[in-house]
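Structure, as structure tokens:
Numbering (the working numbering), first residue to last: 2 to 444.
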């Protein structure tokens with residue numbers, strides 16, 4: 002475990018606070034609000050690269066899923082409050098829901114049992130041990146473990162969180178709203194309540210400074226419940242796009258297919274907001290008790306229309322909404338392009354070898370180059386589909402494309418004038434690889 006600029010002791014009226022998941026969509030907003038109130042705030046997460054882009058200068062780098070009780074005691078020494086804003090949507094190569102949502106909370110609560118350090122847990126509205134999704138079930142188990150631990154705690158359960166940042170549900174809304182000419186009538190019967198991320202951060206502040214009593218379990222949400230098509234339409238208006246020319250119904254079997262495909266991408270390391278867990282949550286609805294927070298002494302949540310009025314709507318948001326659904330299409334297109342290129346090279350091995358041999362290259366050398374090129378193409382096409390290999394694969398695509406162009410210019414310059422343009426067509430693939438590389442970061 003690595004420490005980065007650990008803060009000193011607290012001043013009177015100022016708390017020393019550790020925010021788990023501090024560089025996430027919710028965690029970063031919480032850190033900014035607590036720092037604005039004058040508290041000494043340290044972020045924690047497992048990615049040093051993401052932490053460098055997060056708010057504040059004080060960070061601790063560790064994986065909460067692997068923390069033991071003694072590890073927690075050591076890391077939390079000197080902190081007055083721990084805010085847990087960490088979480089994951091679905092099991093995958095990088096995420097184990099039970100470890101993150103349940104076992105980590107059980108150990109954290111045990112480590113702080115009997116101490117004065119308070120835990121503010123960011124859970125989710127609608128969690129239940131009998132819920133349909135593992136996300137809600139493990140969240141419920143974590144909440145129960147925290148309540149049973151004896152540690153001082155407040156549990157906040159937000160509905161769908163809206164934020165200036167785009168990640169998860171906010172990214173999905175913007176992508177659906179950014180479709181040109183077409184509106185999607187998705188799950189029209191479900192009801193969804195939202196909360197602004199800054200209102201959630203205000204609720205955390207109320208839990209930190211004692212306005213909310215220890216032991217409280219509270220929903221954090223606006224009062225208005227809307228349908229998903231209505232929420233997408235409001236997002237579209239907020240982005241400044243024209244109303245769709247046609248609204249298309251999305252049948253259940255198509256949503257299920259999309260969810261299964263997104264689950265496959267999840268196994269490859271991509272955190273798609275269209276995975277089956279997210280769709281199941283939306284299908285069941287996202288609702289909560291809007292009066293719970295003010296009754297407990299916390300802040301009121303602003304209405305949905307006010308949230309959209311205060312969210313920034315600039316060219317950045319419009320570009321993202323249009324690029325969001327193009328990004329996976331770009332990944333799949335590049336994968337198919339390189340896979341087919343390599344497979345065709347192997348299937349047409351003799352023809353490809355003759356192209357080089359007819360221009361004076363030794364036959365054995367031409368054969369080696371064709372074979373190596375085909376294997377490289379297939380390898381890059383497969384590698385770009387795996388999240389952790391995507392960046393080197395994209396860079397490899399650019400490097401191999403440039404080597405093809407350079408080699409062709411030396412050994413077969415006449416291919417540049419071929420009426421079918423085999424060399425010219427390589428240039429757009431290079432640009433597409435650079436485009437995809439630019440959008441690869443998900444935080």
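Cβ atoms here follow ideal geometry from the backbone N, Cα and C, with glycine treated the same way.
Check	Outcome
Take residue 399 and list the residues in its own chain whose beta-carbon comes closer than 6 Å to its own, dropping the five residues that flank it on each side.	431, 434
Taking residue 224 as the reference, give the member of 248, 67, 174, 292 with the closest Cα.	292
Please classify residue 76: is it buried, with 16 or more other beta-carbons within 10 angstroms of its beta-carbon, or exposed?	buried
Residues in its own chain within less than 6 Å of residue 102 by CB, not counting five upstream and five downstream?	139, 140, 143
In whole angstroms, what separates the C-alpha of residue 120 from that of residue 255?	41 Å
Residues bridged to residue 43 by DSSP?	19
To which residues does DSSP link residue 153 through a beta bridge?	119
Which residues does DSSP pair with residue 220 in a beta bridge?	158
Exposed or buried, what is residue 442 when buried is set at 16 or more other beta-carbons lying within 10 Å of its beta-carbon?	exposed
So is residue 263 buried or exposed if we call it buried at 16+ other beta carbons inside 10 Å?	buried
Using the rule of at least 16 other Cβ atoms within 10 Å of the residue's Cβ for burial, across every protein chain shown, is residue 401 buried or exposed?	buried
Go through its chain and collect everything with a Cβ distance to residue 215's Cβ below 8 Å, but skip five positions before and after it.	119, 153, 154, 155
DSSP puts residue 163 in a beta bridge; with which residues?	197
Take residue 323 and list the residues in its own chain whose beta-carbon comes closer than 6 Å to its own, dropping the five residues that flank it on each side.	179
Mind checking residue 27: buried by the 16 CB within 10 Å criterion, or exposed?	buried
Thinking just about the alpha-carbon of each residue, which of 24, 37, 56, 59 is nearest to the one in residue 47?	24
Classify residue 19 as buried or exposed, calling it buried when 16 or more other Cβ atoms lie within 10 Å of its own Cβ.	buried
If I measure Cβ to Cβ from residue 203 and keep anything under 8 Å in the same chain, skipping five residues before and after, which residues do I get?	34, 299, 300
Assuming contact is defined by CB atoms lying nearer than 8 Å, are residue 370 and residue 357 in contact in what I supplied?	yes
Here's the rule I'm using: 16 or more other beta-carbon atoms within 10 Å means buried, otherwise exposed. How should residue 411 be labelled?	exposed
Quick test of the definition: if touching needs 3 or more C-beta pairs under 8 Å, does the segment 119 to 136 touch the segment 79 to 93?	yes
Which first and last residues belong to the beta strand (DSSP E) in which residue 333 is found?	Per DSSP, residue 333 belongs to no beta strand (DSSP E); it is in the alpha helix (DSSP H), 316 to 348.
Helix, strand or coil, according to DSSP, for residue 11 in the structure here?	Caution applies to residue 11, whose pLDDT of 44 falls short of 50 and renders its modelled position unreliable; the model cannot decide the point.
Ordered along the chain, which non-local residues of its own chain (more than five positions away) have a Cβ less than 8 Å from that of residue 184?	230, 233, 234, 237, 244, 245, 247, 248, 249
Can you pull the DSSP bridge partners for residue 184?	248
In this structure, what does DSSP give as the bridge partners for residue 85?	21, 122
Taking Cβ positions, are residue 115 and residue 147 nearer each other than 8 Å?	no
Answer with buried or exposed for residue 32, where buried requires no fewer than 16 other C-beta atoms within 10 angstroms of its C-beta.	buried
Taking 8 Å as the limit between beta carbons, can you name the residues of its chain near residue 340, skipping five residues before and five after?	378, 379, 382, 383
On a CA-only basis, which of 70, 44, 49, 73 is nearest residue 59? Give me that one, please.	44
Once you ignore the five residues that flank residue 364 on each side, which residues in its own chain have a CB closer than 8 Å to its CB?	354, 358
Which value, in whole angstroms, describes the spacing of the CA atoms of residue 335 and residue 392?	13 Å
What's the gap between the Cα of residue 315 and the Cα of residue 309?	13 Å
Runs of 4 residues minimum, wholly inside the segment 247 to 322: which ones carry the alpha helix (DSSP H) assignment?	253 to 268, 277 to 285, 293 to 296, 305 to 311
In angstroms, rounded to a whole number, what distance separates the CA positions of residue 424 and residue 303?	57 Å
Looking only at C-alpha atoms, which of 218, 337, 326 sits nearest to residue 181?	326
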